[in-house]
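Counting from 1, position 223 in the sequence shown corresponds to residue 233 in the numbering used here; the numbering is continuous, with no gaps. Note that the Cβ used here is the ideal one computed from N, Cα and C, for glycine as well.
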Amino acid sequence: MSKKLIVGNWKMNPASLDEAKRLSRRIKSVASKLQRTETVVCPPFPFIGQTKPKIPVKNFDIGAQSASIFADTGAHTGEVSANMLRDIGVKYVIVGHSEQRQNGDTDEIVSKRLSNVLTQGLIAILCVGEKARDEAGEYMNELKRQIEQSLNNIPAKMAGNIIIAYEPVWAIGAKEAMLPEQIYETSLFVKKIFADVFGPEYGHRVRVLYGGSVNFRNAFEIMTVGKVDGLLVGRESVNSPGFVELLKAVDKIS
Ligand code: 13P
């Protein structure tokens, strides 16, 4: 049985390096004692160097929140390449988060970022999710389109390094998460689309995370009833006591 994967997406938090160091120290200490859970934290770029462990910590890794559409070094002001991230020891990169899609990332751009991340041998956490749910089920077409187009041009041999984070946009930063039963249903749908793109063996193997208003209270039920492979956590991942409780709750799942 593979380990559960809990990814903390810190977004543009916390406000200072001191807080980032304190938060990551606490998380590392708890994560290293867990049995069945892998923890990844994705700090903002400037904090990566100081949150990354000096010596490897068991069941703990650092991720980044994005990587450039440009593959090579050069005149690209403000950009950070996947190669640079790999070079400083980053293992995971979030790609196509809805907040970046809202800021202009099209599926084509997401696909370029994804390709660069995978080319560097990093694990990509590809975020997908519908903006809203409708009775007629148009949201399923939206989801399908997003997955297919983001995976456009990605060779099947790289599919093993892709994790899908299903994050319905309407559940991000909300009061309530999606219902676990709905999460289960949709995660199956996501796996099916992935299988249609890369073949059934990849559909079986792909890990699907859920994200959107996850906290220490609902994490256990989302994981067990929603039957996902892990969680992508926003607000609760920068709330030290809450995130620690969340990790411990998930680690109880056998
Ligand atoms: P919240 O957990 O704050 O809803 O954010 C979810 C998210 O966007 C994680 O990537």
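Coarse secondary structure for residue i, derived from DSSP in three states
i: Ile16; result: strand
i: Ile157; result: helix
i: Leu27; result: helix
i: Ile164; result: coil
i: Val243; result: strand
i: Gly213; result: helix
i: Gly106; result: coil
Nearest-angstrom Cα separation, counted from residue j out to residue i
i: Ala169; j: Val51; result: 22 Å
i: Val120; j: Thr196; result: 21 Å
i: Leu189; j: Ile157; result: 22 Å
i: Phe230; j: Asp239; result: 12 Å
i: Leu198; j: Met233; result: 14 Å
i: Thr129; j: Lys167; result: 11 Å
i: Lys14; j: Asn249; result: 20 Å
i: Gly139; j: Ile104; result: 14 Å
i: Glu191; j: Ile65; result: 40 Å
Interface flag, residue i vs chain D, CB-CB below 7 Å
i: Val120; result: Structure shown: chain D not included; a single protein chain is present.
Residue i classed as buried or exposed, judged by whether at least 16 other C-beta atoms fall within 10 angstroms
i: Gln45; result: exposed
i: His214; result: exposed
i: Glu177; result: buried
i: Ser91; result: buried
i: Thr83; result: exposed
Distance cut-off 6 Å: residue i Cβ against heavy atoms of the ligand 13P
i: Asn19; result: yes
i: Ser223; result: yes
i: Gly236; result: no
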